[in-house]
Every structure is written in structure tokens, then in C-alpha cells.
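Each remark here refers to the structure printed beneath this line.
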Amino acid sequence: MDCNPIVSVIIPTYNREYVIGETLDSVLNQTYSNWECIVVDDGGDDKTDELIEKYITKNNRFKYVKRPIDLIKGVSSCRNYGVDISKGEFIIFLDSDDILASNALKNRIKYFKQYPDNDFLVFSTQFFDNNIFNKKDVFNIDPIIENRENYLSLFLKHQFPWQTMSPIWKKKYVENNKFRNDLHLLEDIIFHIEILFNSDVKFKRIKEIDNFYRIPNWGKNNTTESIDKMFESVSYLLKNYNCRIAQDKKLKDNFSRFVKIIYKIILQSEKVNQQKREMLNFFVKYNYITFKERLLFKVFSIVYRCKLNRIKNIGMFKAINYLNKSLIQ
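Just so we're aligned, residue 225 is where the sequence shown starts under my numbering, counting upward by one.
In C-alpha cells, the structure reads:
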């Protein structure tokens, strides 16, 4: 390892002119100087390019590129393209509203010098709400025994141990283990699950907070489009990893929770019945939803819709809470 290796910070963006400046400032303010920051635009039509041009004028370590038109649209393509054109020995992925502590790069390189045999290191992430000074809980979840299998179990349980910006990667590792361009929601979760299925991967968890995750204001996010994207991602896992998951009771029990969360979201959605039925039957086919659970989910769906219709009935709300606890622990 060089004494001061280049760290490539890769930021995908799409119409984020109103917020990306804070992210770029957090990179500009790093105490470690040997970095490049590559912003990959996914085809937005706001004035992000004009904003970033100002940063490039201040510091030529910033680079602004557009996703090539021959690549599939999406955050995964942007991240992968950023890796392809990067010059760094190490890679950090940031979203366009994430914030790095000023000592993040210096600290991460320091630890990589201590643990050079690892493919990646994971640092702690803290939530914040709009203002960086309004800090909330620490994001990362750790198992009692920290090893690859237990972190994999948490991801499969829909209890995610870290966020996309939490790790720093050796470039040569992510060159060979990229994000899936054909997945557009939960793609970062799939990325980490696939890496943790690799028994040869080496990583270390560092329990120091050096990055901050903005709590998103999604509102009602269960649109028809997002439901389709969620289903694509979970069905990809089932089709490609079910054999490996099913062989381990712990993994299957944990992944069952993940499936049931998505199952419940689909059930609550406003998708047409035929398409919804096909999606739900897909999960039943893989034996993650029992007949009894299907009945419970149907009851839950009815009660949920009553709640949406603002039927003010104490019994209804008690039923909602009971079913939530019963179906997904």
C-alpha cells in the first residue's frame, strides 16, 4: 500500500442540485488530501452540472460525468461506471445526501494500514434529520458474535448491519464484485448479501462513527413502481440463492422475515389483483409463506384497508398491532 493512496469517492446523482452541495462540502473538507470525487449523473435535468462545475473550479479533484447512454439507467450503473473510471486504490460509495466526517478518509486509511489483508472495512453510521447537528440513532446493527455468517443473517433478516457509505473497499475487490445493473431497489442490500455469501471475503468492523445518513422524507413510498422493483430484487434472491439459504435453518428463518415484510407490502399495495396474486403466489411457491400465514395476511390486508379508510374502531387498531407483531417478529 502507498503511504497516501488515492481514495475514490463515488456519488451517483439524479436531480439532486438542492442537496448534493452538503455532500460535496463534506468531501472538500477532508483532512486527508489524496482523494478524487466522481459524481455520476443518471440523466437528470436540473442544474446539478452547473453546481458541480463550481466545485471543479475550486478543486480539480472533483469530476463530473454522465452515465453513458448504453448503460442501464439506475444508481447501480452509476456506481459501477464510477468504479470503472476511478484512479483510486480504495473506493467509498456516497449517496448524494450523505455526509462524511472531516476525518473519515484519514481515519479509514489509517485502519487499512493496520488491517491490510481485508477486502473492506465497515465504519459506524449515524442518522441525522435534515440538519447535520440534529443527530439521531447510530445506524449499524452488530450481532453478538461478529463474523461473516452472522452479518449475512442480519441482511437476510431485513435488519441491515450497515449502509452503503459505511464501508471503504479495495478497488480491486469491487471491480470483481459489482452492483447488479438490473435491480433498482434494495440493490445495495443485494450487493452486500452476495458479497457475504462469499466465504473467502475478508472484512473488519470498526465501531467509530465517521459518516452520517440523512433520514429520507419518502412519504408514501409503496407506489406501483417501487413494489415492482422490490419484488424484482427479492425474487432475484429467491431464484439464485434459495438452495443455499434453504440448507441452513437459521438463514431460512431469517430470510423468511424479509420475504414476509415484502409480502405484506405487496398485499397492502394498490396493484391490480391478478398481478398481485402472481407475486404473492411466487413467495408461496418457495415455501416461505404457510397456508395459515396467508390467511393471517389476508385478514391483515382487510384490517389495514379499514384503517386507511379511517374507520375509527379501537378493535381495528388493536388487530393491526397484534397482526403486525404476529406476522413479522
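Glycine is no exception: its CB is placed at the ideal position from the N, C-alpha and C atoms. None of the values given here were measured: they were computed from a predicted structure.
Between 381, 483, 276, which lies nearest to residue 506 when the distance is taken from Cα to Cα?
Within the sequence shown, numbered from 1, the residue matching residue 506 stands at position 282. Checking every option, the nearest Cα to that of residue 506 belongs to 483.
Item to check | Ordered list of alpha helix (DSSP H) runs contained in the stretch 299-330, each at least 4 residues | outcome: 299-309
Pull up the distance between the alpha-carbon of residue 451 and that of residue 407, whole angstroms please. For the purposes of this step, residue 451 is taken as residue 227 along the sequence shown, with counting starting at 1. For the purposes of this step, residue 407 is taken as residue 183 along the sequence shown, with counting starting at 1. So the alpha carbons of these two residues sit roughly 12 Å apart.
Note to self: Checking 8 Å against the spacing of the C-beta atoms, do residue 306 and residue 264 come in under that value?
What the structure shows: Numbered from 1 along the sequence shown, position 82 holds the residue referred to as residue 306. Numbered from 1 along the sequence shown, position 40 holds the residue referred to as residue 264. Cβ atoms of residue 306 and residue 264: closer than 8 Å.
### Message
Assuming residue 429 is part of the beta strand (DSSP E), what are its boundary residues?
### Response
Within the sequence shown, numbered from 1, the residue matching residue 429 stands at position 205. That run of the beta strand (DSSP E) goes 427-438.
- [ ] Determine the direct distance from the alpha carbon of residue 496 to that of residue 447, and round the result to whole angstroms.
- [x] Counting from 1 along the sequence shown, the entry for residue 447 is found at position 223. Counting from 1 along the sequence shown, the entry for residue 496 is found at position 272. Residue 447 and residue 496: Cα-Cα distance of roughly 12 Å.
Notebook entry, point to check: Which term fits residue 515, buried or exposed, when burial requires 16 or more other beta carbons within 10 angstroms of its beta carbon?
Noted result: To locate residue 515, count along the sequence shown from 1; it is residue 291. Residue 515 comes out exposed.
In the DSSP assignment, the beta strand (DSSP E) including residue 260 goes from what residue to what residue? Reading the sequence shown from its first residue, position 36 is the one you call residue 260. It spans 259-265 - the beta strand (DSSP E) in which residue 260 sits, taken as one unbroken run.
If you reduce the DSSP assignment to three classes, tell me which class residue 365 lands in. In the sequence shown, counting from the first residue as 1, residue 365 sits at position 141. Residue state, collapsed to three classes: coil.
Practice problem: Go ahead and label residue 523 buried or exposed: buried means 16 or more other beta carbons lie within 10 angstroms of its beta carbon, across all protein chains shown. | Solution: Numbered from 1 along the sequence shown, position 299 holds the residue referred to as residue 523. The residue in question, residue 523, is exposed, as its Cβ has fewer than 16 Cβ neighbours within 10 Å.
Exercise for review: Following the continuous alpha helix (DSSP H) through residue 492, name the residue where it begins and the one where it ends.
Suggested key: Walking along the sequence shown from the start, residue 492 turns up at place 268. From DSSP, the alpha helix (DSSP H) with residue 492 extends over 473-492.
From 518, 391, 440, 255, pick the residue whose C-alpha is nearest to that of residue 419; which is it?
Taking the first residue of the sequence shown as 1, we reach residue 419 at position 195. Of 518, 391, 440, 255, the residue nearest in Cα terms is 391.
Notebook entry, point to check: Which runs of the alpha helix (DSSP H) spanning at least 4 residues fall entirely within the stretch 268-292, listed in chain order?
Noted result: 272-282
For residue 470, tell me which candidate among 284, 512, 246 has the shortest Cα-Cα distance.
On the sequence shown, residue 470 is found 246 positions in, with the first residue counted as 1. Of the listed residues, the one whose Cα sits closest to residue 470 is 512.
Margin query: For residue 443 and residue 228, I'd like the C-alpha separation in whole angstroms.
Written below: For the purposes of this step, residue 443 is taken as the residue at position 219 of the sequence shown. For the purposes of this step, residue 228 is taken as the residue at position 4 of the sequence shown. Reliability fails at residue 443, whose pLDDT of 49 lies under 50, so the model's placement of it is uncertain and the value that follows must be treated cautiously. Whole-angstrom Cα-Cα distance: 43 Å.
- Leaving out five residues before and five after residue 387 in sequence, what residues of the same chain have Cβ atoms less than 7 Å from its Cβ? Here residue 387 corresponds to residue number 163 of the sequence shown, with the count starting at 1. Excluding residues within five positions, the ones whose Cβ falls inside 7 Å are 349, 363, 437.
* C-beta contact flag for residue 366 and residue 385 at 8 Å -> As a working mapping, residue 366 is identified with position 142 in the sequence shown. As a working mapping, residue 385 is identified with position 161 in the sequence shown. Contact: yes.
Comparing alpha-carbon positions, which option in 370, 300, 321 lies nearest residue 352?
On the sequence shown, residue 352 is found 128 positions in, with the first residue counted as 1. It is 321 whose Cα lies nearest to the Cα of residue 352.
Do residue 435 and residue 324 have their C-beta atoms within less than 8 Å of each other?
The residue you call residue 435 lines up with position 211 of the sequence shown. The residue you call residue 324 lines up with position 100 of the sequence shown. The answer is yes: Cβ separation under 8 Å.
Quick one: grab the DSSP three-state call for residue 345. As a working note, residue 345 is residue 121 in the sequence shown. Residue 345: strand per DSSP, three-state reduction.
- Does DSSP classify residue 392 as helix, strand or coil? The residue you call residue 392 lines up with position 168 of the sequence shown. Residue 392: strand per DSSP, three-state reduction.
- Message: Run through the DSSP bridge pairs and tell me what residue 466 is partnered with.
- Response: For the purposes of this step, residue 466 is identified with residue 242 of the sequence shown, where counting begins at 1. The partner list for residue 466 (beta bridge, DSSP) is empty, contrary to what the question assumes.
- Item | Run of the beta strand (DSSP E) containing residue 235, from where it starts to where it stops | By 1-based counting over the sequence shown, the position of residue 235 is 11. Start and end: 231-237.
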